[in-house]
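These protein sequence lines are chains U and Z, in that order.
The numbering used here puts the first residue of the first sequence at 1103, with every later residue one more than the last.
The numbering used here puts the first residue of the second sequence at 1103, with every later residue one more than the last.
C-beta: ideal position from N, C-alpha, C; glycine also.
Some notes on the structure that comes next.
There are 2 protein chains.
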Amino acid sequence: MKGTLWGIGIGPGDPELVTVKAARILGACRHVVAPSARTGEGSLALLIASPHLGPQAKVHEVEFPMTSDRALREARWQEAARLCLELLEEGDVAFPTLGDASLYSTWIYLARAVRSLDAQVRLECVPGVTSFCAAAARTGHVLAEEGQILTIVPAAGDEPLAIAEAVGRGSAVLMKVGRRIATVVQALDEAGALERSVLVSRASLPEERVVGDLSLLRDAQAEYLSVVLVEGVRP
Amino acid sequence: MKGTLWGIGIGPGDPELVTVKAARILGACRHVVAPSARTGEGSLALLIASPHLGPQAKVHEVEFPMTSDRALREARWQEAARLCLELLEEGDVAFPTLGDASLYSTWIYLARAVRSLDAQVRLECVPGVTSFCAAAARTGHVLAEEGQILTIVPAAGDEPLAIAEAVGRGSAVLMKVGRRIATVVQALDEAGALERSVLVSRASLPEERVVGDLSLLRDAQAEYLSVVLVEGVRP
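Spelled out as structure tokens, the structure:
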């Protein structure tokens, strides 16, 4: 009898923003497979999950390289999926992932790879607090109120148009702006939305940073884990 | 010295989907002010928060009528704000709200009303798990993956166009579809997105209901707390 593979959204960074359910499951799992962006850098997901792990937990870090090489990424997901299937022979396996597990997360790809290798495996998912909800809580920004459409724009190549359209129809969240922040600031400025925007880096982590005046970032780079919130014009 | 007013996102319904931080603060607050939609019906937010309250907590239910009468709603928010300011004289006050506190929540309006009465009051906000993250976790639907734009469309009058545009650009979440479900199903059908959609009512609550084939709902009504997830076409 195999164990269950748990995809666990562990929230934006503060270990207290893990749900009670996530904490319980992390505390009970036999194995923990944690994603890291680059070998040697350590896993932020694991750092957040750590205070909740039980004494029996064995930790396995797997590298998910940030690369546009699709074949390389696919190969790594398959590798991680095979590891999970092996570990499931010994009991439940937890896969903690930043923010929510169903939104721009490595869990999506891992779950797909596991399913492709074994259609019978038991997968369960625990939802988590997203970085933009944490950023809004921290700054008092409203993500969306009654009647407003909220657009979540991910890191992508076509952002100036996507940003202009998003802030034109309501409120917006721009994910992982990082190195593209100058482009983002220019797009927001041209859309007349700079004054209702705020940038939050590493929301809820000790090194959290809030920038209320985005024009200061015209020539800067932002931290990788940065999100911009753009309030809608009030209805 | 006044207490702090805490806006607390308590998640979609399952008391275990409250964050560790929310549980800690709910357990420590002197007063709890809980929103209910109609007097007599009881507060779902309070029901979820209850297992986490401390023995010292005094509960106050306030009615936020679901009405399009703006003046009536404003009056009720002002009334609730005055109550909170009074209670803050005795210590911290918690205001639990469904899902996340910054997204289509009563907290947004209460915080604004409190600020308008007292600019010095200490407001803090704890983010929560949204209903759509819980619905995605439950059904295995992907909210958005790399490069996809996610549009959150609230209950509003202009949804057929908003829905068509949203599913045309990526993935979508349609909030509180309730009585408008027939219109929603028709719009999704016309946009060719019915097959990648799922409806979840009261996600994570005991009476949760998942409808995978939305065409069954053409002539039906859905529960008030229902959300439709529409996956994007995979990039």
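Assigned exposure category for residue i - 16 Cβ within 10 Å defines buried
i: P1198 of chain Z; result: buried
i: L1263 of chain Z; result: exposed
i: M1168 of chain Z; result: exposed
i: P1137 of chain U; result: buried
i: A1237 of chain Z; result: buried
i: E1292 of chain Z; result: exposed
i: S1339 of chain Z; result: Nothing can be reported for residue 1339 of chain Z: it is not among the residues displayed for chain Z, which extend from 1103 to 1337.
i: V1216 of chain U; result: buried
i: P1232 of chain Z; result: Note that residue 1232 of chain Z is Thr in the sequence shown, not Pro. Label assigned to T1232 of chain Z: buried.
i: T1285 of chain Z; result: exposed
i: V1335 of chain U; result: exposed
i: R1224 of chain Z; result: exposed
i: L1318 of chain U; result: exposed
i: E1309 of chain U; result: exposed
i: E1261 of chain U; result: buried
i: E1192 of chain U; result: exposed
i: S1170 of chain Z; result: exposed
i: D1202 of chain U; result: buried
i: E1247 of chain U; result: buried
i: L1174 of chain U; result: exposed
i: A1182 of chain Z; result: buried
i: A1239 of chain Z; result: buried
i: R1178 of chain U; result: buried
i: A1221 of chain U; result: exposed
Residue-chain proximity (residue i, chain A), Cβ-Cβ < 8 Å
i: P1167 of chain Z; result: Judged by its chain identifiers, the structure shown contains no chain A, and its protein chains are U and Z.
Three-state secondary structure (DSSP) of residue i
i: F1234 of chain Z; result: helix
i: T1199 of chain U; result: strand
i: L1319 of chain Z; result: helix
i: E1333 of chain U; result: coil
i: S1207 of chain Z; result: coil
i: L1219 of chain U; result: helix
i: L1190 of chain U; result: helix
i: L1327 of chain U; result: coil
Within 8 Å, strictly: CB atoms of residue i and residue j
i: E1325 of chain Z; j: R1298 of chain Z; result: no
i: R1132 of chain U; j: K1160 of chain U; result: yes
i: L1296 of chain Z; j: L1316 of chain Z; result: yes
i: A1130 of chain U; j: G1156 of chain U; result: yes
i: L1252 of chain U; j: G1272 of chain U; result: yes
i: V1052 of chain Z; j: S1204 of chain U; result: The shown model of chain Z, from 1103 to 1337, leaves out residue 1052 of chain Z, and the question about it has no answer.
i: L1195 of chain U; j: L1107 of chain U; result: The sequence shown places Val at residue 1195 of chain U, rather than the Leu named in the question. For V1195 of chain U and L1107 of chain U, yes; Cβs fall inside 8 Å.
i: S1328 of chain U; j: V1279 of chain U; result: yes
i: V1101 of chain U; j: V1120 of chain Z; result: Since the displayed chain U opens at 1103 and closes at 1337, residue 1101 of chain U lies outside it and no answer follows.
i: A1266 of chain Z; j: A1289 of chain Z; result: yes
Reference residue i; option with closest CA among the options
i: L1146 of chain U; options: U:L1128, U:P1157, U:V1122 and U:G1115; result: U:G1115
i: P1117 of chain Z; options: Z:L1149, Z:C1131, Z:L1187 and Z:Y1211; result: Z:L1149
i: E1333 of chain U; options: U:L1319, U:Q1250 and U:D1260; result: U:Q1250
i: I1110 of chain Z; options: Z:R1224, Z:K1104 and Z:A1124; result: Z:A1124
i: V1313 of chain Z; options: Z:D1321, Z:V1330, Z:S1306 and Z:L1307; result: Z:V1330
i: C1227 of chain U; options: U:T1253, U:A1213 and U:H1243; result: U:A1213
i: V1135 of chain Z; options: Z:H1243, Z:V1122 and Z:E1188; result: Z:E1188
i: Q1323 of chain U; options: U:R1282, U:Q1158, U:D1220 and U:R1178; result: U:R1282
i: T1241 of chain Z; options: Z:D1220, Z:R1178 and Z:S1306; result: Z:S1306
i: L1190 of chain Z; options: Z:G1105, Z:R1126 and Z:V1122; result: Z:G1105
i: T1152 of chain U; options: U:G1270, U:V1287 and U:L1128; result: Per the sequence presented here, residue 1152 of chain U reads as Ser, with Thr not at that position. The candidate whose alpha carbon is nearest that of S1152 of chain U is U:L1128.
i: R1320 of chain Z; options: Z:V1302, Z:V1287, Z:G1270 and Z:A1266; result: Z:V1287
i: E1176 of chain Z; options: Z:F1234, Z:E1267, Z:L1301 and Z:I1210; result: Z:I1210
i: L1200 of chain U; options: U:C1186, U:Q1180 and U:F1234; result: U:F1234
i: H1154 of chain Z; options: Z:V1302, Z:F1166, Z:R1126 and Z:H1162; result: Z:R1126
i: C1186 of chain Z; options: Z:F1166, Z:H1162 and Z:G1270; result: Z:H1162
i: G1294 of chain U; options: U:L1301, U:V1269 and U:Q1180; result: U:V1269
> Can you list, in chain order, the stretches of the beta strand (DSSP E) that have 3 or more residues and sit fully within the segment 1228-1308 of chain Z?
Replying inline: 1251-1255, 1272-1276 and 1299-1303
> In chain order, which beta strand (DSSP E) runs of at least 3 residues are fully inside the segment 1115-1154 of chain Z?
Replying inline: 1133-1138
> Which runs of the beta strand (DSSP E) fall wholly inside the segment 1161-1188 of chain Z and span at least 3 residues, in chain order?
Replying inline: none
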